[in-house]
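2 protein chains.
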Amino acid sequence: MRLSKKLRQQSLKEALQADPFLNDEDLARRYNVSIQTIRLDRMELGIPELRERIRHMAQQQVRALQPEEVIGRVIELNLDESGISVLKIQKEHVFSRNGIARGHHLFAQANSLAVAIIDAKVVLTASANIRFIRSVRLGDECVAKAKIVQRSSHRLRVEVETCVEEETVFRGTFIMVRYEGDGEEGKEKPDADRV
Amino acid sequence: MRLSKKLRQQSLKEALQADPFLNDEDLARRYNVSIQTIRLDRMELGIPELRERIRHMAQQQVRALQPEEVIGRVIELNLDESGISVLKIQKEHVFSRNGIARGHHLFAQANSLAVAIIDAKVVLTASANIRFIRSVRLGDECVAKAKIVQRSSHRLRVEVETCVEEETVFRGTFIMVRYEGDGEEGKEKPDADRV
DNA sequence: CTGAATTTAGTACTAGGTATTAGGATGTGG
DNA sequence: CCACATCCTAATACCTAGTACTAAATTCAG
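Chains as they are written, first to last, in the numbering used here: chain D, 910 to 1104; chain S, 910 to 1104.
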């Protein structure tokens, strides 16, 4: 038997969520209705046509593809001194069950900022000591401030503190290693203490 | 002046790499040639039409969207005991300049595994102490082993060691907090020590 | 100047639609 | 049972962004 309009539209919505690559013809076959019916349904549900849906996905892809040199957006940078980056917590950063950000995203913001403020060809993290002080939630704007607090020839200590509206949510100390990489950039691991 | 065929095709390739959303008409205007010329160029360069390009990108997007409950693939799991996950280092995990994996991806693998092995409604990371022992490179298979080494009512210590072919590349100790979340799942932060 | 390479024009056809009009089927209240 | 509404389908014209193909015009190089 054919589904009622309501059920069909409900199902249609879910089907397209699961597989946005279905065209109207596929859908018409699936629900045993005419293409026109499917089109009316899409109208009523406000679902754009296949090509628009695909285009939309591809556009997000552009953003997702960006090799995320730094996680978050750098808003201040004093090379070899300090830097600030901002990360807005989106759906993809949180546990779906409770809307709390996964720790590694805060870590990633801090870690990549620590890398970014150091002026060298190659910068790697050797170790880190971190604390997640308060939970961060969907929609929060995390402002990470990084500062170099100690440096020797190629070893640096960077402290990062991340706040959401003046409240500290994360603190970490990163030991970073830098190499000028003069002529040996692509070579194999020179020793230890890298990532 | 108009570019030579060779130069135009070179430039075309780069332009589409930078912005795959350009259609033939846009390109024809850009290079002051006819649409047909652009189409010949695409043929010769083996560049598919706009819609195919977009479709391709969107398909990758599907994979990228997967909410990555655990970073890496879990291959063994003894709930409330231990677990193992494997992460193959891909292009998107490494610094393009040297092919070395960014630290936060190793951290993410370890952290999400630490979350996964704990049997509770809500599990958060309170703090962590980590060391990046050796650099990990493009193509490496990182095998992370996590073990709960200490537990009290809602606080657990998890140790994670990640190896690439028997060689330890990462070690971390994570202090995790669990909540059974009985009836208060969606509520605001109950206290501190969360992420 | 000639011949090849290059560019352009034009036609027929395609997928996957939009937008619109109109007609048929089905159901429901009076 | 009729009337009206809802729902579904059909048909047409049009759109974009192409492919595939033929043919003519232009440009360049020897």
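We put the CB at the ideal spot given by N, CA and C, even for glycine.
Original post:
Exposed or buried, which one is S/Arg1006 when buried takes at least 16 other CB atoms within 10 Å?
Top reply: With fewer than 16 other Cβ atoms from the protein chains shown falling within 10 Å of its own Cβ, S/Arg1006 counts as exposed.
**OP:** Less than 8 Å between the CB atoms is what I'm expecting for S/Lys1030 and S/Glu1089, so what's the real figure, rounded?
**Re:** Indeed, because the Cβ distance is near 5 Å, the residues count as touching under 8 Å.
Subject >> 8 Å contact criterion, which D/Leu925 and D/Ile956 should meet: CB distance rounded >> reply: Indeed they touch by this definition, with Cβ atoms about 6 Å apart.
Subject >> Within chain D, the residues that S/Asn1038 reaches when beta carbons sit closer than 7 Å >> reply: Going along chain D in sequence order, the residues near S/Asn1038 (Cβ under 7 Å) are Asn1038.
Original post:
When you compare each of S/Ile944, S/Arg1011, S/Leu954 and S/Arg1060 to S/Cys1051 by their alpha carbons, which one comes out closest?
Top reply: The residue from S/Ile944, S/Arg1011, S/Leu954 and S/Arg1060 with its alpha-carbon nearest to that of S/Cys1051 is S/Arg1011.
Original post:
DSSP three-state call for D/Asn987: helix, strand or coil?
Top reply: Strand at D/Asn987.
**OP:** To the nearest angstrom, report how far apart D/Glu1001 and D/Asp1028 are at their CA atoms.
**Re:** The alpha-carbon separation between D/Glu1001 and D/Asp1028 amounts to approximately 31 Å.
**OP:** May I ask you to report which of helix, strand or coil DSSP gives D/Phe1041?
**Re:** Reduced to three states, the DSSP call for D/Phe1041 is strand.
Original post:
Would you call S/Leu1022 buried or exposed, if buried means 16 or more other Cβ atoms sit within 10 Å of its Cβ?
Top reply: Result: buried.
Original post:
Relative to the C-alpha of D/Ala1019, which residue among D/Val1003, D/Ser991 and D/Thr946 is closest?
Top reply: Ranking the options by Cα distance to D/Ala1019, first place goes to D/Ser991.
Subject >> Proximal residues to S/Ser994 (C-beta, below 7 Å), its chain only, five neighbours per side dropped >> reply: The answer, listed in chain order, is Val979, Gly981, Arg982, Val983, Ile984, Gln1018, Leu1022 and Ala1053.
Subject >> S/Val1086 vs S/Leu1033 beta-carbon contact at 7 Å >> reply: Yes; because the gap between Cβ atoms is below 7 Å, this pair is in contact.
Subject >> Close beta carbons around D/Asp1049, own chain, < 6 Å, minus the five adjacent residues each side >> reply: Counting only Cβ-Cβ distances below 6 Å, and skipping sequence neighbours, we find Ile998 and Val1073.
Original post:
Below 7 Å between beta carbons: does that hold for D/Val1067 and D/Ala1055?
Top reply: D/Val1067 places its beta carbon less than 7 Å from that of D/Ala1055.
Subject >> Residue-level contact to chain S via CB, D/Met952, 7 Å cutoff >> reply: With 7 Å as the cut-off, D/Met952 does not count as an interface residue toward chain S.
Subject >> Selected residue, minimal CA-CA separation from D/Glu1105, among D/Phe1041, D/Ser1062, D/Gln1059 and D/Arg1064 >> reply: The first residue shown for chain D is 910 and the last is 1104, placing residue 1105 of chain D beyond what the model contains.
Subject >> Check whether S/Ile1026 and S/Gly1081 have beta carbons under 7 Å apart >> reply: No, the Cβ-Cβ distance between S/Ile1026 and S/Gly1081 is not below 7 Å.
Original post:
Taking all protein chains shown into account, do 16 or more other C-beta atoms lie within 10 angstroms of the C-beta of S/Asp950, making it buried, or fewer, making it exposed?
Top reply: Its Cβ being crowded by 16 or more others within 10 Å, S/Asp950 is buried.
**OP:** Classify D/Leu925 as helix, strand or coil using the three-state DSSP reduction.
**Re:** Here D/Leu925 sits in helix by DSSP.
Subject >> Identity of the residue in D/His1014, D/Phe1083 and D/Asn932 nearest D/Ala1037 by Cα >> reply: When only C-alpha atoms are compared, the closest one is D/Phe1083.
Original post:
Do you know offhand how far S/Val942's Cα is from D/Ile947's?
Top reply: Using only the alpha carbons, I get a separation of about 41 Å.
**OP:** Drop a sphere of 10 angstroms on the beta-carbon of S/Gln918, count the other beta-carbons inside from all chains shown, and report buried for 16 or more, exposed for fewer.
**Re:** Looking at its Cβ environment, which holds 16 or more other Cβ atoms inside 10 Å, S/Gln918 is buried.
**OP:** Using a Cβ-Cβ cut-off of 7 Å, state whether S/Val1031 counts as contacting chain D.
**Re:** Contact with chain D is found for S/Val1031, since one of that chain's Cβ atoms lies less than 7 Å from the residue's Cβ.
Original post:
If you follow the beta strand (DSSP E) that S/Gly1081 is part of, which residue opens it and which one closes it?
Top reply: It spans Glu1076 to Tyr1088 - the beta strand (DSSP E) in which S/Gly1081 sits, taken as one unbroken run.
**OP:** Would you list, in chain order, the members of the segment 983-1011 of chain D that have their beta-carbon closer than 9 Å to a beta-carbon of chain S?
**Re:** Cβ contacts with chain S: Lys1000, Glu1001, Phe1004, Ser1005, Arg1006, Asn1007, Gly1008, Ile1009, Ala1010 and Arg1011.
Subject >> Residues near D/Leu996 by beta carbon distance below 6 Å, same chain, minus five either side >> reply: Within the same chain, D/Leu996 has close Cβ partners Gly981, Gln1018 and Cys1051.
Original post:
Mind pulling the chain S residues with CB within less than 8 Å of D/His1063?
Top reply: Within 8 Å Cβ-Cβ: nothing; D/His1063 doesn't reach chain S, min ~14 Å.
Original post:
Can you find a CB in chain D that lies within less than 7 Å of the CB of S/Ala924?
Top reply: Chain D, which has no Cβ nearer than 7 Å to the Cβ of S/Ala924, makes this no.
Subject >> Residues of its chain near S/Glu934, where Cβ-Cβ distance is below 8 Å and the 5 sequence neighbours each way are ignored >> reply: Closer than 8 Å at the Cβ level, and outside the excluded window around S/Glu934, lie Ile944.
Subject >> Bridge partner(s) assigned by DSSP for S/Ile993 >> reply: The partner list for S/Ile993 (beta bridge, DSSP) reads S/Glu985 and S/Lys1054.
**OP:** Would you mind stating whether D/Arg962 and D/Pro929 have Cβ atoms separated by less than 7 Å?
**Re:** Going by C-beta atoms, D/Arg962 is nearer than 7 Å to D/Pro929.
Original post:
With burial defined as no fewer than 16 other Cβ atoms inside 10 Å of the residue's Cβ, what is the status of D/Val1024: buried or exposed?
Top reply: When all chains shown are included, D/Val1024 counts as buried.
Original post:
D/Ser920 to S/Gly1008, Cα distance in whole Å?
Top reply: Cα-Cα distance, rounded: 45 Å.
**OP:** Give me whichever residues DSSP pairs with D/Gln1059 in a beta bridge.
**Re:** Residue pairing for D/Gln1059: DSSP places it in a beta bridge opposite D/Arg1066.
Subject >> Residue from D/Phe1016, D/Leu931 and D/His1063 whose Cα sits closest to the Cα of D/Arg960 >> reply: When only C-alpha atoms are compared, the closest one is D/Leu931.
**OP:** Taking all protein chains shown into account, decide if S/Met952 is buried (16 or more other Cβ within 10 angstroms of its Cβ) or exposed.
**Re:** Per the 10 Å Cβ criterion, exposed.
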